[in-house]
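K.L.:
Quick one: the structure is below, and I'll ask about it shortly.
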Amino acid sequence: MVNFYTTRLLTQASNKLPLRVVLIVPFVLQVVATVGLVGYLSYKNSQQAVRELSHQLQNQISLRIDRHLDDYLQMPHLLNHVNQNAMQQSFTLGAGFTNHSKKPRDISLNPPLQQPRNISLNELERFFVKQIRAFESVPYTAWGNEKGEYIGIERLPDRTLHIEVVDDPKNPKYYTYAVNNSGERGKLLQVTPFYDPRTRPWYQNAVLKGKATWSPIYVWFNQAELAIDANLPVYDQKGQIIGVLDTPLKLSRIGDYLQQLKFSRSGQSFIIDRSGLLIASSGDSQPFIIGNDKKPQRIEASNSRNPLIQSTAKYLNQYFGDLNRINTSNQLEFTDNNQRLFVHVFPCQDGRGIDWLVVLVIPETDFMDKINANNHTTIMLVIAAAIGSIISGICTARRVTEPILRLNQAAKELAIGEWDVTMDDNRSARSLCDRADELGELATSFNQMAAQLKAIFQSLTKSEERLAKFFENIPVGISIHNDSGRIEGMNRAGIEILDRDITDIFPEDISSTYQVYIAGTDQLYPTEKLPNLRALKGETVFTEDIEIHRPDGKIVPLEVRSIPVFDESGNVIYAITTFSDISDRKKMERLRENYERELERQVIDRTKALQESEERFRRSFEDAAIGMALVSPEGRWLMVNNSVCDIVGYSEEELLSKMVTDITHPDDLEQNLEYRRQILAGEISSYQMEKRYFHKQGHIVWVLLSVTLVRDEEEQPLYFIAQIQDISSSKVLEREIALREAQLNAFFATAPLGMMMRDRQLRCVQINQVMADINGLPLEVHIGKTMGEILPDLAAVIEPIHQRVLDTGVAIINQEMSGEIPSQPGILRHWLVSSFPIFDPDGKASYLGVVVVEISDRKQVEAKLQEAQRIAHIGSWEYDVATGITNWSEELYRIYGLEQSKIAPQAGELINYIHPEARETYLKLIEEKVYAGQPFEADIRIIRPDGSIRYVETRGEPVFNDKGEMVRLFGTTLDISDRKQAQITLQNHLAVIEAATEGIAILNQNSEYTYLNKAHATIFGYSDASELIGKTWKELYYPEEISRFERELFPILIEQKRWQGEATAKKKDGTTF
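Taking this note's numbering, the leading residue of the sequence shown gets 23, the next gets one more, and so forth.
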């Protein structure tokens, strides 16, 4: 619609222009457009040529850079492998190399070393000097080994060499020497206190990778440039690392090469790693800066001081998002500061760790200088051609337009109703009629046309009057629109419907002026959809979606028809629109639509409900977790779901070919058929039974079968709906539960322990005979009663304990209780009671279990035992791990000097009764034995409350449950103070004996030494008395003395118990004394 109005406006504007302008302007525009188009195409072709030339140039330069990088990066690895091969063939440091294969070696391999001979560092040093002189591009090469030795040769910027060596790993000083003309060490230049190559990153990196590799890029430690090391680990034939060859490269050489490549006036090339850090560039700036900490820091290319490199790096990051995504060569273009830039980026990889990106960027302006000059010339030619065209057009137009203008003046007079005007009215016009050319014929024709128009106008006036009367009296609204969409006329009926006067408005204002809305909305009718405007496009339009909002507030729905009126050429010149008020019809239609809508809604709702019902049944049938089946009244399977197939093991096809009775167990068949007869006869509406099916694999499957019958409208049976639930596991579980229940009841009834179960109200729900006998009451008296109703004297003690167990869910095991029962008053009874919670599936303590063992007899035995302990000074103790409670016997209270009325010291309190000098031993015993769950015994010194010191011997033994968890400790404590005092006295005597200057010895009945003091051993020439332990005294005397002792000495000893005299003996070294 916009294009239509634009075209109309341009046409109207051109119709208003003078004829001279119409003749001159197109001519001039054609000339200028032709020349301009040629210039534009020339410019675009030049841009394409520049693009292609740039890509060719970038490809050539990229190939040169790629080859140079390949050669340059290969050099250090080549030197490492040459050194390795030479070491294989000739020597090694601490180990040699042998190559038994005559085939050439692949330098990517790392062959193991063998052992032909050793070489000194001096020989290796001279070899490395020769190698670095042969490899001019290598600034450094080095070797470090597992011993910590190191040799390195450095080439300085002035081409001189330095030797750097660590030749004594025990004193790892780093010596730097100048190299004289003969390639040997010269002047000592520097000594670094410590250097171990094994701790250096290049060494550790090579050992970690286990193959030829590159180190990370770093700043050369004594020169302002980047470097990278080629490392090669060397192994022996057992695969053990011997050392690492290291050859660095200075990356500034790559930058120097890039600067030499002058491929355009302002183009740049640079290399970055995958993180965007700059490696080298053709610019003058270094790829690193010195930070505030005076340490060099590498910079990202996007932060480069070179504007071209900076903008290109930022574009690559933005375009790819992640530089790791650049895996192939890419030709790119982008604009920066109104300048087009051509970019070529490709990856550089060598398989040893090099993963760089090489980038070339060339500004388009480097190629466009001459092209811009040619464009300037083209523009000047266009201007000159336009000026010439205007001058020529003016001269030609004047000759053509002068007679036409005179004819135009006459036509204007005729147009305003001067019907009597002709081309004979004045001399100038008559001369025009006398011309024999086309203009003369045009003047003659004009005179004839004027006469005819006069007659036609008079006839037309009469016809128009008749048509106007007919137009005004038509009972529907009619409007006529010209080809611009404006209203040319509207009849009276139309004005009455609109309730507005006709105004001269643009088509786009029709909807707002006459309040034309889309029916049923508050939205103005779209201009482009108005029927009259669509008719002007050649459409015949009929619509009922229009309504008028009149000034009186009434909304009038319209039926509108619009047709186009064509001229002889088939062009639309008018649109006629008829519209009528259809308010009454709309009301009837709304009534009919509402009825149809309600009817349709009811049909849809019922259909949807039926579909939903069918879908629910289908899903319930197919997705049911239990078996679902439809069975014919004759007993044939009609439809089964997957659960039925899973239960009986048959596929759906197999089951549909069978009768129900085919897989039913014979013992269940009669009852099943009887139920089916009853439901078919209407005696029952459904039935449920447990029955057995034969599984396809032969075993029996128990199921719970629920069956209902579906009948038709005439109450005739259609099919059975069967629900089949596999209860085989339930049947097994029922038998197991019944067996378990029988076992528990038998155990409960026959156990020699008192057992009782109470609910949360502490009422007795189950009790065995033993428990009833302990209480001294009949068994049936207990059921449903509380302890207060059964044993009121004990309830005050027992009830709080049982309630606490139910509330906390924590059992109380083996709790001792005492009291009297109603059947035996005056007799004190003793019991060992265990109370424990019984949890339901939700984890709630729903019941309380009680187990009681009467220990009255044991208590009597314990009383006698305590008396025995008192006499023997032996106390006993017991520690419950679960409750943390310790119980002592009476004698143990007496041993520790405590009153029995007090609570026994618990585990953490006992340390206060241990002598300070013995506490460390006690704690060590706890840590090593008690915590480890091992038996223990120890002698411990204790302090009583009155300050007296006693010695005790403590023994303990752990008790474990069936899970291997320690639940109890018990043991005894013996008062050994008297024995300990005797030991102390004996130790004092032994100390006196040991310090005596006379020799003292003790012999057993076999005449063997069991003790000798130091003086006795010294007398006989022995440095240590242990040398004589186990030997007899006869080994220290001569035979004649031994005979004299047996003959004279022994009788005296037997009689007088002692003897003193002289004797001759021999020392250890054989001397006599």
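Yeah, the Cβ is synthetic: ideal placement off N, Cα and C, and Gly gets one too. Bear in mind the structure is a predicted one, so any value in this text is a computation, not a measurement.
Identify the residues that DSSP records as bridge partners of residue 615: which are they?
P.N.:
By 1-based counting over the sequence shown, the position of residue 615 is 593. None; residue 615 has no bridge partner.
K.L.:
Between 500, 664, 597 and 532, which has its C-alpha nearest residue 603's C-alpha?
P.N.:
Stepping through the sequence shown from its first residue, residue 603 is reached at position 581. Residue 603 has its Cα closest to that of 500, out of 500, 664, 597 and 532.
K.L.:
Alpha carbon to alpha carbon, how far is residue 59 from residue 275? Give it in angstroms, no decimals.
P.N.:
What you label residue 275 is simply residue 253 of the sequence shown in a count that begins at 1. What you label residue 59 is simply residue 37 of the sequence shown in a count that begins at 1. When rounded, the distance between both Cα atoms is 51 Å.
K.L.:
Quick check on residue 1087: does DSSP put it in helix, strand or coil?
P.N.:
Translated into the one-based positions of the sequence shown, residue 1087 becomes position 1065. In this structure, residue 1087 counts as strand in the three-state DSSP scheme.
K.L.:
Shortest alpha-carbon distance to residue 961 belongs to which of 998, 993 and 352?
P.N.:
Within the sequence shown, the letter at position 939 stands for residue 961. The shortest C-alpha separation from residue 961 is found at 998.
K.L.:
Hey, could you find the ends of the beta strand (DSSP E) residue 596 is sitting in?
P.N.:
To locate residue 596, count along the sequence shown from 1; it is residue 574. Element bounds for residue 596: 594-603.
K.L.:
So, for residue 785: in the same chain, excluding its five sequence neighbours on each side, which residues have a beta-carbon less than 8 Å away from its beta-carbon?
P.N.:
Sequence index remark: in the sequence shown, residue 785 carries index 763 (1-based). For residue 785, where only same-chain residues beyond five positions count, the Cβ hits under 8 Å are 806, 807 and 808.
K.L.:
With 16 other CB atoms within 10 Å as the buried threshold, where does residue 554 fall?
P.N.:
By 1-based counting over the sequence shown, the position of residue 554 is 532. Answer is buried; the Cβ neighbour count reaches 16.
K.L.:
Have a look at residue 268 and residue 164 and give me their C-alpha separation to the nearest angstrom.
P.N.:
One-based indexing of the sequence shown puts residue 268 at position 246. One-based indexing of the sequence shown puts residue 164 at position 142. So the two alpha carbons sit approximately 5 Å from each other.
K.L.:
Using C-beta distances below 7 Å, list every residue in its chain close to residue 19, excluding the 5 sequence neighbours before and after it, in chain order.
P.N.:
Residue 19 is absent from the model: the chain starts at 23 and stops at 1095.
K.L.:
Enumerate in chain order the residues of its own chain whose CB-to-CB distance from residue 675 is below 8 Å, with the five nearest sequence positions on each side excluded.
P.N.:
For the purposes of this step, residue 675 is identified with residue 653 of the sequence shown, where counting begins at 1. Here the set comprises nothing.
K.L.:
Which residue wins for smallest C-alpha separation from residue 1095, given the options 1066, 314 and 1059?
P.N.:
Locating residue 1095 in the sequence shown gives position 1073, where the first residue counts as 1. The shortest Cα separation from residue 1095 among 1066, 314 and 1059 belongs to 1059.
K.L.:
Using CA coordinates, which residue listed in 1048, 622, 935 and 779 is at the minimum distance from residue 969?
P.N.:
As a working note, residue 969 is residue 947 in the sequence shown. Residue 935 is the option with its Cα nearest to residue 969.
K.L.:
With a cut-off of 8 Å on the beta carbons, I'd call residue 199 and residue 185 a contact; round off their distance for me.
P.N.:
If you number the sequence shown from 1, residue 199 lands on position 177. If you number the sequence shown from 1, residue 185 lands on position 163. Right, their Cβ atoms sit about 4 Å apart.
K.L.:
Tell me the rounded alpha-carbon separation between residue 522 and residue 52.
P.N.:
As a position in the sequence shown, residue 522 is number 500, starting the count at 1. As a position in the sequence shown, residue 52 is number 30, starting the count at 1. Using only the alpha carbons, I get a separation of about 50 Å.
K.L.:
Taking DSSP as the reference, what is the three-state secondary structure of residue 469?
P.N.:
Counting from 1 along the sequence shown, the entry for residue 469 is found at position 447. Residue 469: helix per DSSP, three-state reduction.
K.L.:
So, for residue 940: in the same chain, excluding its five sequence neighbours on each side, which residues have a beta-carbon less than 6 Å away from its beta-carbon?
P.N.:
As a first step, residue 940 must be located in the sequence shown, where it is residue number 918. If we look at residue 940 and ignore the five residues flanking it on each side, its Cβ neighbours are 962 and 963.
K.L.:
Suppose contacts are defined by Cβ-Cβ distances below 8 Å. Is residue 599 in contact with residue 582 by that definition?
P.N.:
Position 577 of the sequence shown, counted from the first residue, corresponds to residue 599. Position 560 of the sequence shown, counted from the first residue, corresponds to residue 582. For residue 599 and residue 582, yes; Cβs fall inside 8 Å.
K.L.:
Go through its chain and collect everything with a Cβ distance to residue 649's Cβ below 6 Å, but skip five positions before and after it.
P.N.:
Within the sequence shown, numbered from 1, the residue matching residue 649 stands at position 627. Taken in chain order, the residues that qualify are 665, 666, 669 and 746.
K.L.:
For a test of the three-state rule: what should DSSP assign to residue 652, helix, strand or coil?
P.N.:
By one-based count along the sequence shown, residue 652 stands at place 630. Residue 652 falls in the strand class under three-state DSSP.
K.L.:
From this set, 296, 493, 584 and 900, which residue's C-alpha is nearest residue 560's C-alpha?
P.N.:
Counting from one through the sequence shown, the residue named residue 560 turns up at place 538. Nearest option by C-alpha distance: 584.
K.L.:
In whole angstroms, give me the CA-to-CA distance for residue 696 and residue 673.
P.N.:
Start at 1 with the first residue of the sequence shown, and residue 696 comes out as number 674. Start at 1 with the first residue of the sequence shown, and residue 673 comes out as number 651. Cα to Cα, residue 696 sits roughly 28 Å from residue 673.
K.L.:
Taking the straight line between their C-alpha atoms, what separation do you get for residue 845 and residue 803?
P.N.:
Along the sequence shown, read from residue 1 onward, the residue named residue 845 stands at position 823. Along the sequence shown, read from residue 1 onward, the residue named residue 803 stands at position 781. One C-alpha to the other measures close to 14 Å.
K.L.:
Once DSSP output is grouped into helix, strand and coil, what is the label at residue 909?
P.N.:
Translated into the one-based positions of the sequence shown, residue 909 becomes position 887. Correct three-state label for residue 909: strand.
K.L.:
How would you label residue 820, buried or exposed, when you count the other beta carbons within 10 angstroms and need 16 or more for buried?
P.N.:
Stepping through the sequence shown from its first residue, residue 820 is reached at position 798. Buried.
K.L.:
Taking the alpha-carbon positions, what's the residue 628 to residue 614 distance?
P.N.:
If you number the sequence shown from 1, residue 628 lands on position 606. If you number the sequence shown from 1, residue 614 lands on position 592. Spanning the two alpha carbons is a distance of roughly 21 Å.
K.L.:
Counting only runs that start and end within the segment 267-341, where is the alpha helix (DSSP H) found for 4 or more residues in a row?
P.N.:
DSSP runs (the alpha helix (DSSP H)) wholly in the segment 267-341: 274-282.
K.L.:
Decide if residue 880 is buried, meaning its Cβ has at least 16 other Cβ atoms within 10 Å, or exposed.
P.N.:
Translated into positions along the sequence shown, residue 880 becomes position 858. Label assigned to residue 880: exposed.
K.L.:
May I have the straight-line CA-CA distance separating residue 680 from residue 755, to the nearest angstrom?
P.N.:
Taking the first residue of the sequence shown as 1, we reach residue 680 at position 658. Taking the first residue of the sequence shown as 1, we reach residue 755 at position 733. Straight-line Cα distance between these residues: approximately 31 Å.
K.L.:
For residue 976, report the span of its beta strand (DSSP E) as first-last.
P.N.:
Translated into positions along the sequence shown, residue 976 becomes position 954. Unbroken beta strand (DSSP E) run through residue 976: 971-982.
K.L.:
In angstroms, rounded to a whole number, what distance separates the CA positions of residue 1097 and residue 383?
P.N.:
Given that the chain is displayed from residue 23 to residue 1095, the structure contains no residue 1097 and the question cannot be resolved.
K.L.:
Do the CB positions of residue 601 and residue 498 come within less than 8 Å of each other?
P.N.:
Counting from one through the sequence shown, the residue named residue 601 turns up at place 579. Counting from one through the sequence shown, the residue named residue 498 turns up at place 476. Against a cut-off of 8 Å, the Cβ pair of residue 498 and residue 601 comes out as a contact.
K.L.:
Using only CA atoms, which one of 1091, 1070, 1092 and 272 lies nearest to residue 1082?
P.N.:
Locating residue 1082 in the sequence shown gives position 1060, where the first residue counts as 1. With distances taken between Cα atoms, residue 1082 lies closest to 1070.
K.L.:
Report the residue from 801, 852 and 859 whose alpha carbon sits nearest the alpha carbon of residue 824.
P.N.:
Here residue 824 refers to the residue found at position 802 of the sequence shown. If we check each option's Cα against that of residue 824, 859 comes out closest.
K.L.:
What does a CB cutoff of less than 8 Å around residue 1045 pick up in its chain, not counting 5 residues either side in sequence?
P.N.:
Mapped onto the sequence shown, residue 1045 falls at position 1023. The residues are 1039.
K.L.:
Relative to the alpha-carbon of residue 527, which residue among 503, 83 and 840 has its alpha-carbon at the smallest distance?
P.N.:
Counting from one through the sequence shown, the residue named residue 527 turns up at place 505. Nearest option by C-alpha distance: 503.
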